[in-house]
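From first to last, the protein sequence lines are chains A and B. Note that numbering that gives the first Met the number 0 has the first sequence beginning at 0, numbered continuously upward. Note that numbering that gives the first Met the number 0 has the second sequence beginning at 0, numbered continuously upward. Cβ coordinates follow ideal geometry from the N, Cα and C atoms, glycine included. Report on the following structure.
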Amino acid sequence: MTYVNFPVAAIGIGAALFLNVTIVSGAQKLERTDLNQTDQSRVTAIVKKTVDFSKAEQFEAMSAGAATSTASPNSNAFSHSLENLSFKGQRDFKLGNGIFKKVWTSSPSSTLASDGLGPLFNARSCQRCHLKDGRGHPPKNNMDRATSMFLRLSVPPKTAEEKSKIASGELALIQEPTYGGQFQDFAVSGLPSEGKMVIDYEEIEVTLDDGDVLSLRKPTYSVSDLGYGPMSKDVLFSPRVSPQMIGLGLLEAIHPADIRNSADPLDKDKDGISGKVSEIFDTATGEKQLGLFGWKASAPTVALQSSGAFAGDIGISNAAAPRHWGDCTENQKACLEMPNGVNKRLGDTEAPKTVMDLVSFYSRNLAVPERRNVNDPQVLRGKEIFYEAGCADCHRPKFVTSRDAEQEEHQFQLIWPYTDMLLHDLGEGLSDNRPVGSAEGAEWRTAPLWGTGLTQTVNGHTFFLHDGRARNRMEAIFWHGGEATAARDTVASLPKKDRDALVGFLKSL
Amino acid sequence: MHPLLKNLTLSCLTAAGLTLVNTQITMAEKVDASSVLSNYANIAEAIFEDSLTSAKALDTAIDGLIQNPNSESLQIARSAWVAARAPYQQSEVYRFGNAIVDDWEGRVNAWPLDEGLIDYVDSSYGRESDGNRLYTQNVIANPILNVNGRQVDATKITPTLLSETLHEAEEVEANVATGYHAIEFLLWGQDLNGTGAGAGNRPASDFDTNNCTGGNCDRRAQYLKAASNLLISDLEEMVGNWTVKGEARTFLMEKPKTNLSVILTGMGSLSYGELAGERMKLGLLLNDPEEEHDCFSDNTHNSHYYDQMGIQNVYTGRYNRIDGSVISGPSVSDLVKEKDKTIDTELANKLSKTVDAMTAMKTRAETVEAYDQMIGEGNTKGNAIVQAAIDGLVDQTRSIERAVTVLGLKAIEIEGSTSLDNPKAVFQ
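Dropping the structure here:
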């Protein structure tokens, strides 16, 4: 396996080497504008990937630096605020938590500040999908309506105008003309819901090099009980489970140079791994921003991701997404005739700015739990495999966050998120065949792995990947293809003892 | 304790109508971190003992209600519940900073709850929730349940059924099956008055197997008794954690100097984030009567008031027990005073000022209108009274921060975190 040096690591140690622009593999590297030379050399040294697996690295247990939660690793492990948060910060966090848990009601309602649900929606509150602030899961069967998962919808561009807007990035996708950008399986009283998501699974056997057989379940998505007539024949579905909420503010605080410098879209270093930045068109300024959040890195900030979720998932309008009727389209007249929850005294949208600010603050400040068993020999062996197989090439272990981060608690922390925040082609097996913005159907943003070791503890399951198809970590690994093929094949060639060690390492995250 | 009192004799104080426990220090002795933490732990032990004692009294009253359900026995049980909340709420300041208390707290004091899990509800509650399959499960009416895809035999409602199977079932935090608020719901029923006057109004006949209202009165009684038993055993466990060899106390005493910050962290986090923020400001922000802590009983004013008393207790190192005796000893206040008298006075005054604001809120709740009415939209006077208490909490937190600084506790944290042999060390 080729060893890739990440750019900051490749710059080398010692202040003398720092120039405005450093050239590695022929690509121009961006500089971290937030650091002085001393800082830069310390950062370079500390984020360098280790080659010593005999013991845990310094600071390794504290996955999010001083922001790490040292609370007990129990079912509340994802619900704590950053440990370094001020008392005032804790106040805003708790207020945000209250809104995160708040159950929105349909309009009109006696509680003016809490109405505006839908008319179409996937959930009545944030918490109902982000269960225990952790990971959602696919429905248990097609009768189970308590989902923390939904389908995104779009159609391929058809007109010349649509095609050019998609090409320029001005539009990320073309919505399904009747059902909009998202399939809502609930509606307020008196209105039909859009229908039901149907999943059919097919078991596929994978034989590992030592003869062990693994069964993967391959999902097929469709819809039934459509409430608003037929969908476009060429509709594209992208299933999404709700992701864990921890550490988002720290991911946002990663310096853009560290992300952009890792990108290698044309694979100039010929290591088989490209890595592409998600560029998002800002309709307000016409400029492109770095996409960071969501399974396809389609949102540049936690605040915008939250605004999108309020409007799309709950049907609550807000300044960034002023759609009082949520995801209703002009072809859903009955939906547009429903009352909305705008209360002029409180603002021009159903969720006023204060509410959005608090919920965004909350979402940025959920702590990542401290690692367990970092010095356990099996965990260390698993870590070695993780690095040697190449997993760590995309699931990048370390960053030091920007000194310029907006919030003090997020600044200059050594964090261990195990993501490079880039889009990678994971192959046809995982593709949803639905392009959105910079991301092709097979491209997904590297999922952060920090905290995932506690998924069972917090959420009572180990369903991983964007649609929860993997029932455990080994299945998740074997769904990887595309740029991750070599790493996956390395894992397939390992003896069981080493595969178990790899899983042991992942469970310690 | 007031310095002038420190060298008074025990008999003198008894004569003054007070019983003093654990007063070993005299003026001559310098207060150290260890003695402060020891007194802090003694107060915790006493508070949890008092919570336990009053939970047992509640249990007896519940027995009375079940044996002889009428409006009088129901009233006695409700009063016992309100009385039981007073010591318990004073323990909340221990939640923050003491992981062992925080981990346990959800079992006894979780809120808000989807009460349809437990019993019948009004049609305005709604029939289903997209996220909570158990939203209207009504355990009392349904002896066979389906939880997490498994059939559960709830023919007999036991403490184990509540704590192991139903509490937070299917990962939904609002599935609160245990603790004070589950008992509160069973004693009061839903408060259907919004921001209008009135609390929950469950009739005593809901527990009367001869003239049963609401159906399944035997199972409702069984549920209530099981929840009450569970509350007692949970409190017994917590008292145990604070005894001489208890885990919570032992942990604190291991590193007295560092752990002094636990006391102040608890005070600050409860004041600002939990109380001023989630429990009070949110309700004002949304004008939502559902945003109140003791929503079935309209006892929220007491719940907030005793939280503040708890904050003041741990600062002054003094707690008035339910039997009238007083626990008093070396306090953080003494330590701050040694370093900077002005900051001690400032913080002590602000704590009293908030107590006054909370008292005004409590008085209004007892004489004019309930807390959920005070937070109603357009209720200028009520809103202002709640806001004054919030302002007090925020203001006292600023002085708590000053106390942390003057005691050099920030420095301790930083010193500890850079040490190389410390697994909790972080890069800075």
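In this structure, how does DSSP classify residue 289 of chain A when only helix, strand and coil are distinguished? strand
Could you list which residues in chain B have their beta carbon closer than 8 Å to that of residue 186 of chain A, in chain order? Near residue 186 of chain A there are no residues of chain B at all, since even the closest Cβ is about 10 Å away, more than 8 Å.
Determine which residues share a DSSP beta bridge with residue 320 of chain A and list them. A/317
What are the start and end residues of the beta strand (DSSP E) that includes residue 215 of chain A? 212-223
Going by DSSP in three states, residue 206 of chain A sits in which element: helix, strand or coil? strand
Can you pull the chain B neighbours of residue 311 of chain A, defined as C-beta to C-beta under 7 Å? The premise fails here: residue 311 of chain A is roughly 14 Å from chain B at the closest Cβ pair, so nothing lies under 7 Å.
Specify the secondary structure class of residue 331 of chain B as computed by DSSP and reduced to three states. helix
Along the beta strand (DSSP E) that carries residue 245 of chain A, what are the first and last residues, could you check? Element bounds for residue 245 of chain A: n/a, residue is neither H nor E.
Whole-angstrom distance between residue 355 of chain A and residue 160 of chain A, CA atom to CA atom: 34 Å
Quick check: is the beta carbon of residue 406 of chain B nearer than 8 Å to any beta carbon in chain A? no
Within chain A, the residues that residue 396 of chain B reaches when beta carbons sit closer than 9 Å: 86, 87, 90
Identify every run of the beta strand (DSSP E) within the stretch 370-426 of chain A, keeping only runs that are complete inside it and at least 3 residues long; order them along the chain. 422-424
Min CB distance residue 61 of chain A to chain B below 8 Å: yes
Examine chain B for any beta-carbon lying closer than 8 Å to the beta-carbon of residue 70 of chain A, and answer yes or no. yes
Mind listing the chain B neighbours of residue 413 of chain A? Cutoff is C-beta to C-beta under 8 Å, in chain order. 425, 426
Find the residues of chain B that neighbour residue 317 of chain A, judging by a C-beta separation of less than 8 Å, and give them in chain order. Those do not exist, as residue 317 of chain A stays about 15 Å from chain B at its closest Cβ, beyond 8 Å.
Is residue 49 of chain A a contact residue of the ligand PLP, with contact defined as CB to any heavy atom under 7 Å? In the structure on display, the ligand PLP does not appear, and there are no ligands present to speak of.
Would you report the Cα separation of residue 224 of chain B and residue 216 of chain B, rounded to the nearest angstrom? 12 Å
List in chain order: all unbroken alpha helix (DSSP H) runs of 4+ residues lying wholly within the stretch 237-310 of chain B. 246-253, 255-267, 281-285
Roughly how far, in whole angstroms, is the beta-carbon of residue 505 of chain A from the beta-carbon of residue 58 of chain A, given that I think they are within contact range, below 8 Å? Residue 505 of chain A to residue 58 of chain A, Cβ: 20 Å. No contact.
Would you decide whether residue 516 of chain A is buried or exposed? Buried here means 16 or more other CB atoms lie within 10 Å of its CB. Here chain A has residues from 0 to 508 only, and residue 516 of chain A is not among them.
Give a yes or no on whether 8 Å exceeds the smallest Cβ distance from residue 159 of chain A to chain B. no
Which full runs of the alpha helix (DSSP H) of 4+ residues lie inside the stretch 155-209 of chain B, going along the chain? 179-187
Just checking: is the beta-carbon of residue 455 of chain A within a distance shorter than 8 Å of some beta-carbon in chain B? no
Work out the CA separation of residue 283 of chain A and residue 305 of chain A for me, nearest whole Å. 18 Å
The stretch 174-194 of chain B contacting the stretch 291-300 of chain B, beta-carbon criterion three pairs below 8 Å: yes
Would you mind stating whether residue 426 of chain A and residue 432 of chain A have Cβ atoms separated by less than 8 Å? no
Does residue 353 of chain A get closer than 8 Å to chain B when you measure Cβ to Cβ? yes
Taking Cβ positions only, does residue 364 of chain A come closer than 8 Å to chain B? no
Are residue 243 of chain A and residue 133 of chain A touching if we call contact CB-CB under 8 Å? yes
If the cut is a Cβ gap below 7 Å, which residues of chain B does residue 139 of chain A touch? 148
When you check each C-beta in the stretch 276-288 of chain B against every C-beta of chain A, which residues fall closer than 9 Å? 276, 277, 278, 280, 281, 282, 284, 285, 286, 287, 288
Under 8 Å, Cβ to Cβ, is there at least one residue of chain B near residue 113 of chain A? yes
Kindly say whether residue 271 of chain B, judged by its beta-carbon, lies nearer than 8 Å to any beta-carbon of chain A. yes
Under three-state DSSP, which class holds residue 384 of chain B? helix
Under 9 Å by beta carbon: chain B residues contacting residue 97 of chain A: 276, 277, 278, 280, 281, 282, 284, 285, 290
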